[in-house]
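Here the protein sequences come in this chain order: A and B.
Be aware that the first sequence starts at 294, since it is given in this note's numbering, and climbs by one per residue.
Be aware that the second sequence starts at 494, since it is given in this note's numbering, and climbs by one per residue.
Where is the CB? At the ideal position from N, CA and C, for every residue including glycine.
One structure below.
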Amino acid sequence: QKEVEQNSGPLSVPEGAIASLNCTYSDRGSQSFFWYRQYSGKSPELIMSIYSNGDKEDGRFTAQLNKASQYVSLLIRDSQPSDSATYLCAVNPGGGNEKLTFGTGTRLTIIP
Amino acid sequence: DTEVTQTPKHLVMGMTNKKSLKCEQHMGHRAMYWYKQKAKKPPELMFVYSYEKLSINESVPSRFSPECPNSSLLNLHLHALQPEDSALYLCASSQMEGNTIYFGEGSWLTVV
């Protein structure tokens, strides 16, 4: 059973601080990794994709991938109340199995 | 704004009704997906079409019937649904199967 695990939260972070969201996956051969943001009552919106070990930055968001540890994280700098949402980690195993596996999501609340 | 358009946004149907959910994308993507999402759960894959052919069917009950009339359109035909089928139905597309997935805004379905 290929799994993607996230802490369901809720994770509360003061406005202006760094929010750190973590995700682990079980399939060592996984190729592609994604973070989606989902506001309550809305559909998932792609925030970041990452394919290689290391950091990838986009504005206030940084994705970090460590394939040896089977760990992917999302850092949100200068957190804003508008960042309050559920963050879904998704992993594509690749290698012929192209079915995206989602974690259960982490609910993030930014406290003004 | 998402470039994957879903209609209707909301649908209420009786258990004996026949209805359809529609999805359209104009990004030239060749893979299209239907997901089902229940409250506080991650999206669950239902069907994948790749180059207009059904690629993945996740053992979905036959009361859900997908159709891909062309590379831009994806329908989900609904018949004799149960109240437990009430959920957010998400259409998504990607350049090819396995690439980054982009979701539409979703169709909220309530079965009464």
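So, residue i versus residue j, is the Cβ gap smaller than 8 angstroms?
i      : j      : result
B:E590 : B:N563 : no
A:S313 : A:R400 : no
A:T397 : A:P303 : no
B:E551 : B:L538 : yes
B:Y595 : B:A580 : no
A:F395 : B:P535 : yes
A:S372 : A:N315 : no
B:D578 : B:L602 : yes
A:F326 : A:S342 : yes
B:S565 : B:H519 : yes
A:Q331 : A:L381 : yes
B:L571 : B:S513 : yes
B:G599 : B:T498 : no
Looking at C-alpha atoms only, which residue of the options is the closest neighbour of residue i?
i      : options                           : result
A:A378 : A:I311, A:P307 and A:S333         : A:S333
A:P307 : A:T399, A:R370 and A:T397         : A:R370
A:A383 : A:I311, A:D348, A:Y329 and A:N300 : A:Y329
B:V604 : B:S565, B:Y542 and B:H503         : B:H503
A:G387 : A:T355, A:T317 and A:Q324         : A:Q324
B:S587 : B:Y542, B:L571, B:H570 and B:S579 : B:Y542
A:Q363 : A:Q299, A:Y318, A:V297 and A:E298 : A:Y318
A:L368 : A:P405, A:A310, A:K392 and A:N346 : A:A310
B:Q575 : B:T498, B:G507 and B:K531         : B:G507
B:T509 : B:G599, B:E496, B:G597 and B:A573 : B:A573
B:A532 : B:T593, B:N592 and B:Y582         : B:Y582
A:G352 : A:I340, A:L358 and A:V297         : A:I340
B:N450 : B:Y526, B:P501 and B:E598         : The question about residue 450 of chain B has no answer here: the residues shown for chain B are numbered 494 through 605.
Which word fits residue i, buried or exposed, when buried means at least 16 other C-beta atoms lie within 10 angstroms of its C-beta?
i      : result
A:G322 : exposed
B:V505 : exposed
A:S336 : buried
A:N385 : buried
B:L569 : buried
B:K511 : exposed
B:K529 : buried
B:G521 : exposed
A:S375 : exposed
A:A361 : exposed
A:S305 : exposed
A:S345 : exposed
A:G347 : exposed
Determine which residues share a DSSP beta bridge with residue i and list them.
i      : result
B:D578 : Bridge partners of B:D578: none, in fact.
B:H572 : B:K511
A:S301 : Partner(s): none; A:S301 has no beta bridge.
B:R556 : DSSP, once it has assigned bridges, lists no residue as partnering B:R556.
B:H503 : B:W601
B:Y526 : B:V541 and B:A585
A:Q324 : Per DSSP, none; premise fails for A:Q324.
A:E338 : A:R330
A:D312 : Looking at the sequence provided, one finds Ala at residue 312 of chain A rather than Asp. A:I369, per the DSSP bridge assignment.
Within the region 344-394 of chain A, note down every full beta strand (DSSP E) run reaching 3 residues or more, in order along the chain. Secondary structure within the region 344-394 of chain A: the beta strand (DSSP E) runs of 3 or more consecutive residues, fully enclosed, are 347-351, 354-359, 364-369 and 378-385 (chain order).
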